[in-house]
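As structure tokens, the structure follows; a few thoughts come after it.
Numbering (the UniProt record's numbering), first residue to last: 1 to 391.
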């Protein structure tokens, strides 16, 4: 089995580059000023703060890895995961929306669009003039994407799209969506195509908004297509390449969710450490008790291990090397760590952790989504085992 440290002749570089430091500080400052004061207000009301993303766009955080020629920041994945994790430390919902916009919709067009398509959509997405959505999941086909029911039939110069997608981030507020449609037979990996569909296209609407346990400030709705006429020039790549494209996009998307998980875990951990030093029982801070200090030790170790996996996957992605196994490992491990750390944080807070007066209950609710979205933990194990056995 290859070592973590043999991906380059000089081994893995643990240093944080100047760009990471810069964007990390910028994200931290932004989150403290513009997100933290409103976290619970947005969560309680299930309010999606669309204007916030315009501000993020002005700072270049809505097109982190988009090249400058298309209006983006032109950074690599190390900077990108730094932004996601720093925002998620304060609010998982905002981190989730940031990730979905950057890696899924924008990332799909960047990876598979032609030059005309890139110049048409990427500048608007990278600056947050437009908000992006990405549609793969359906009510009857979550992990079983090859049997999707949404169809696209070519008639003249347009594809006629019928069907629906669900659990779509920005399904209502998004200005453009990359949508996987069935252009061939069910179960055929070459029977799926990817179309870019703009808001306002006749026959394209949104359905119900989901009332979620966590990530409540990140909008999640259905997409509905009723004889929706999409210009054939909106096809990304060739017909029948959509499934392969989607799997590649998810390799990058899983790194995003890993970074999101890492941020949630760090946020919960930092809150637990601070509380353990302040809360006194039996005349001393509870951090002095082994039962608490050992929890913190385990949490810290798992977070550091998760961060190594996330940064390794980000490094491979930036260098355009195969990343399927590493992205699945990072997503699987980091998401499960986020759940465990948030759970232990609530335990450390005790009864107060179960109230909304303290932040850890929200980390607890938000963390669970990370083990489900963009491929469940079980799917990640399938991907990892397949790659391991293939080698």
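Where a beta carbon is used, it is the ideal one built from N, C-alpha and C, also for glycine.
None of the values given here were measured: they were computed from a predicted structure.
Scanning the stretch 284 to 356 for uninterrupted alpha helix (DSSP H) segments of 4 residues or longer gives 290 to 318 and 324 to 349, listed from N- to C-terminal end.
Per the DSSP secondary-structure output, residue 224 pairs in a beta bridge with 164 and 205.
7 Å or more divides the Cβ of residue 259 from the Cβ of residue 337. At the C-beta level, residue 218 and residue 93 come within 7 Å of one another. Taking a C-beta distance under 7 Å as the contact criterion, residue 78 and residue 20 qualify as a contact pair. A Cβ-Cβ contact shorter than 7 Å links residue 90 with residue 35. Judged by DSSP in its simplified three-state form, residue 235 adopts strand. DSSP, read as helix, strand or coil, puts residue 189 in helix. For residue 128, the three-state secondary structure derived from DSSP is coil.
With fewer than 16 other beta carbons inside 10 angstroms of its own, residue 213 counts as exposed. Under the three-state reduction of DSSP, residue 153 is assigned to strand. Our two residues, residue 52 and residue 352, have alpha carbons roughly 30 Å apart in a direct line. Rounded to whole angstroms, the gap between the alpha carbons of residue 366 and residue 332 is 16 Å. Uninterrupted alpha helix (DSSP H) stretches at least 4 residues long and entirely within the stretch 60 to 105 occur at 77 to 90 and 92 to 99, given in chain order. Cβ-Cβ distances below 6 Å link residue 135 to 165, 168, 177, 179 and 223 in the same chain, with the five nearest sequence neighbours on each side left out; the list follows chain order. Only buried fits residue 315, as 16 or more other CB atoms lie within 10 angstroms of its CB. In the DSSP annotation of this structure, residue 215 is not part of any beta strand (DSSP E), being labelled neither H nor E. For residue 247, the enclosing alpha helix (DSSP H) has its first and last residue at 242 to 278. Residues of the same chain with a CB within less than 8 Å of the CB of residue 211, apart from the 5 flanking positions on each side, are 46 in chain order. No Cβ-Cβ contact shorter than 7 Å links residue 274 with residue 242. Looking at 251, 221, 145 and 324, the one whose alpha-carbon comes closest to that of residue 97 is 221.
The alpha carbon of residue 124 has as its nearest neighbour, out of 311, 297, 280 and 174, the alpha carbon of 174. When the beta-carbon positions are compared, residue 318 and residue 76 come within less than 7 Å of each other. The C-beta distance from residue 189 to residue 254 rounds to 19 Å, too long to fall under 8 Å, and the pair is not in contact.
A straight-line Cα-Cα distance of about 26 Å links residue 49 and residue 225. When secondary structure is reduced to three states using DSSP, residue 169 falls in the strand class. Between the beta-carbon of residue 182 and that of residue 202 there is about 21 Å, and that puts the pair past the 8 Å contact cut. By alpha-carbon distance to residue 330, the top candidate from 355, 108, 287 and 379 is 379. Residue 249 and residue 126 do not touch by the CB rule: their CB atoms are close to 17 Å apart, not below 8 Å.
Sixteen is the threshold: when 16 or more other Cβ atoms of the shown chains lie within 10 Å of the Cβ of residue 43, as they do, the residue is buried.
The distance from the Cβ of residue 371 to that of residue 339 is about 6 Å, consistent with a contact at the 8 Å cut-off. A residue is called buried once 16 or more other Cβ atoms fall within 10 Å of its Cβ, and residue 284, having fewer, is exposed. Nearest Cα to residue 238 within the set 279, 191, 81 and 65: 191. About 16 Å separates the CB atoms of residue 56 and residue 133; that is not less than 8 Å, and the two are not in contact.
Taking residue 246 as reference, the option from 256, 293 and 107 with the minimal CA-CA separation is 107. By the C-beta density criterion, residue 37 is exposed, having fewer than 16 other C-beta atoms within 10 angstroms.
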